[in-house]
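Heads up, the thing below is written out as structure tokens.
Residue numbers (our numbering), protein chains in the order written: chain R, 25 to 320; chain G, 58 to 331.
See below:
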């Protein structure tokens, strides 16, 4: 390294100061406080009188039925969304990967729901899922009855609510994954690209033996990134079902918030947040690990 | 022949995929009783369409002030963020010495921190700092915690590192000139990366929900997303108003997307959630 002059040193700290100050005050400090609270019985309205409880919050959470329910819901949501969204995105990418500029609009179409705000889409799909009351019904039920199927109360049926939210989420995010696959396709060699035209004979074989192996880095990335994003589920069930019916769609984040704002159990909620952070960190490490495996 | 068929299939798939949004737009002009009436045939009707829902939603949800709040929030985050993130990135890329290097490791760790985890302790911190209640304070609470973003520092640092070194070699030798080099040489050279950051942050923060939900406690401090959520949860529920509000919120997003599409590069998207 070059010898560093004092004025460079001073300049560096000046450049870093605003960013470090804001990160310190609004990220690091709150996180450290939350870590501290997670080992106490802190009450939201009486922070200072918190009594230390050691790791009790953590062990309580791991056996708390609602927290476990939320974890299972979120895991089940991920199991529904990740493979379907990735597979759909993969085929969309193959389909819209056309060199002519003229076809660009097709990519844009699938990306539009990605840029529309999630609260807007959650509200919209609540309306699309409206049950039938007389001749009034949502678009999904109009489609179902039009096809001769029976109308459903999608969001108020405990068995259908989470799959309905998963379906909406796949639709919302598939364009994002598609774009990442498209970037991956751009790295293929001309012969591989030729094989990636999915029409014609032996399409399935070419897909399996040429394209999927060549696209492995993108596939690993999309699968792991979607997994992490699915675990952060909150807005859709919060607006569409409030976590119901019968907690069928309650998410980890919602449980943590209700502990804080309804139960005032700040200590418990902080422990929940730390567990959630550990989960996300573990998934991220998993992602790095797989990404490295694929590269080597 | 084959090309015509391909076009037809593509158009059909596209319309099917966008049907929810097309329905939203159409239904937002319909009278309340007709919104859930009948099946697909109704989608093509142009009878009874009016702007009544828009007028009512604008009034009921106080969308004028909501749009202003959201606009100020996003503008504030972008302005402060562009300056502070790029300054930090420049320091990490070009003004290296031992202390900041360790700090950069810390910044990298912060990238994975999901915002959802931060909300509760951040709310209490913001309260301690007195940033709740009135208009200016709430705005500060919306902007300050999210202006500096670990990922943006990392992303811009990569772009500063990719610049040819002789372009600003002088900065390393002489710290006093560092700011001028940063401002008039380095910053203009990474304009495309700055544009990407602006577009992605704009779309992200326009959609912000969890944080405004806990910070915007008064009607006059609400952002548009919270205004929408309130129409959706506070009786009397008027679906037409909700739809009109949703369309109004979505228009600026689509406009930005249309204008800035070329700045949304797939590889950057991938980096954004790493």
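A virtual CB, placed ideally from N, CA and C, is assigned to each residue, including glycine. For clarity, every value in this text was computed on a predicted model and none was experimentally measured.
Check residue i in the structure and name its three-state DSSP category.
| i | result |
| --- | --- |
| residue 314(G) | helix |
| residue 157(R) | strand |
| residue 329(G) | Legend: pLDDT at residue 329(G) = 48, less than 50; position of this residue unreliable, no value from coordinates given. |
| residue 61(G) | helix |
| residue 70(R) | strand |
| residue 25(R) | Residue confidence for residue 25(R) is low, a pLDDT of 44 falling below 50, so the modelled location carries little weight; the figure read from the coordinates is stated next. Of the three classes helix, strand and coil, the one that applies to residue 25(R) here is coil, per DSSP. |
| residue 270(R) | coil |
| residue 172(R) | coil |
| residue 162(R) | coil |
| residue 77(G) | helix |
| residue 76(R) | strand |
| residue 278(G) | helix |
| residue 64(R) | strand |
| residue 289(R) | strand |
| residue 228(G) | Residue placement at residue 228(G) is flagged as unreliable, the pLDDT there being 49, under the threshold of 50; a coordinate-derived value is accordingly withheld. |
| residue 124(R) | coil |
| residue 215(R) | helix |
| residue 291(G) | coil |
| residue 84(G) | helix |
| residue 318(R) | helix |
Grab the span of the alpha helix (DSSP H) containing residue i for me, first residue to last.
| i | result |
| --- | --- |
| residue 108(R) | 89-120 |
| residue 203(R) | 185-209 |
| residue 116(G) | 109-117 |
| residue 173(G) | 172-185 |
| residue 258(G) | 248-263 |
| residue 37(R) | 30-47 |
| residue 142(G) | 120-151 |
| residue 200(G) | 192-204 |
| residue 269(G) | 267-272 |
| residue 263(R) | 259-264 |
| residue 181(R) | Where residue 181(R) is concerned, there is no enclosing alpha helix (DSSP H), given that its DSSP letter is neither H nor E. |
| residue 143(R) | 142-152 |
| residue 235(G) | 235-238 |
| residue 211(G) | 207-218 |
| residue 227(R) | 227-230 |
| residue 255(R) | 240-255 |
Below 8 Å on the Cβ atoms is my guess for residue i versus residue j; work out the distance and round it to an integer in Å.
| i | j | result |
| --- | --- | --- |
| residue 61(R) | residue 290(R) | 5 Å |
| residue 141(G) | residue 168(G) | In fact, because the Cβ distance is near 16 Å, the residues do not count as touching under 8 Å. |
| residue 138(R) | residue 197(R) | 6 Å |
| residue 302(R) | residue 82(R) | Their Cβ separation, rounded to whole angstroms, is 10 Å, which puts residue 302(R) and residue 82(R) out of contact at 8 Å. |
| residue 94(G) | residue 296(G) | Between residue 296(G) and residue 94(G) the Cβ distance is about 11 Å, and since that is not below 8 Å, they are no contact. |
| residue 275(R) | residue 257(R) | 5 Å |
| residue 133(R) | residue 74(G) | 6 Å |
| residue 68(R) | residue 288(R) | 4 Å |
| residue 108(R) | residue 194(R) | 5 Å |
| residue 175(R) | residue 156(R) | 4 Å |
| residue 259(R) | residue 142(R) | 5 Å |
| residue 112(R) | residue 153(R) | The Cβ separation is near 20 Å, so there is no contact. |
| residue 144(R) | residue 247(R) | Not quite, the Cβ-Cβ distance comes to about 27 Å (not below 8 Å), so this is no contact. |
| residue 119(G) | residue 250(G) | That pair is no contact at about 37 Å. |
| residue 44(R) | residue 288(G) | Going by Cβ atoms, the distance from residue 44(R) to residue 288(G) rounds to 40 Å, so no, they are not a contact pair. |
| residue 177(G) | residue 58(R) | 7 Å |
| residue 220(G) | residue 243(G) | 7 Å |
Counting only beta-carbon atoms, is residue i nearer than 9 Å to chain B?
| i | result |
| --- | --- |
| residue 235(G) | No chain B appears in this structure, whose protein chains are R and G. |
Problem - the region 268-280 of chain R contacting the region 245-253 of chain R, beta-carbon criterion three pairs below 8 Å - result: With the cut-off at 8 Å, the region 268-280 of chain R and the region 245-253 of chain R do not touch.
Practice task
Spell out a yes or no on whether the region 81-98 of chain R and the region 304-312 of chain R are touching, meaning 3 or more CB-CB pairs, one atom from each, closer than 8 Å.
Solution key: Under the 8 Å Cβ criterion, the region 81-98 of chain R does not count as touching the region 304-312 of chain R, having fewer than three qualifying pairs.
Exercise for the section: Could you tell me whether the region 110-118 of chain G touches the region 286-302 of chain G, using the rule of 3 or more Cβ pairs below 8 Å? Expected result: Yes, the region 110-118 of chain G touches the region 286-302 of chain G.
Practice task
Flag this pair as touching only if the region 198-206 of chain R and the region 277-285 of chain R have three or more C-beta atom pairs under 8 Å; answer yes or no.
Solution key: Taking one beta carbon from each stretch, the region 198-206 of chain R and the region 277-285 of chain R have fewer than 3 pairs nearer than 8 Å; the two do not touch.
Practice task
Inspect the CB distances between the region 236-243 of chain G and the region 271-281 of chain G and report whether three or more fall short of 8 Å.
Solution key: Not touching, per the Cβ criterion.
Exercise for the section: State whether the region 139-147 of chain G contacts the region 276-295 of chain G, with contact taken as three or more CB pairs (one from each stretch) at a distance under 8 Å. Expected result: Touching, no, given that fewer than three Cβ pairs across the two stretches are closer than 8 Å.
Problem - Sufficient close CB pairs (3 or more, under 8 Å) joining the region 195-209 of chain G to the region 63-72 of chain G - result: Touching, no, given that fewer than three Cβ pairs across the two stretches are closer than 8 Å.
Problem - the region 114-134 of chain G / the region 257-267 of chain G touching (three or more Cβ pairs under 8 Å) - result: Cβ pair count under 8 Å is three or more, so yes.
Practice task
Taking 8 Å as the threshold, find out whether the region 66-77 of chain R comes into contact with the region 165-172 of chain R through three or more Cβ pairs.
Solution key: No, because fewer than three Cβ pairs between the region 66-77 of chain R and the region 165-172 of chain R fall closer than 8 Å, the two stretches do not touch.
Problem - Touch test, the region 248-260 of chain G against the region 309-322 of chain G, Cβ-Cβ under 8 Å, three pairs minimum - result: In short, these stretches touch, since the Cβ pair count reaches three.
Practice task
Report yes or no: do the region 100-119 of chain R and the region 181-189 of chain R share at least 3 C-beta pairs separated by less than 8 Å?
Solution key: As far as the Cβ criterion goes, the region 100-119 of chain R touches the region 181-189 of chain R, which means the pair count is three or higher.
Problem - Touching by the beta-carbon criterion (3+ pairs, under 8 Å), the region 43-51 of chain R and the region 172-187 of chain G - result: Segments in contact, yes.
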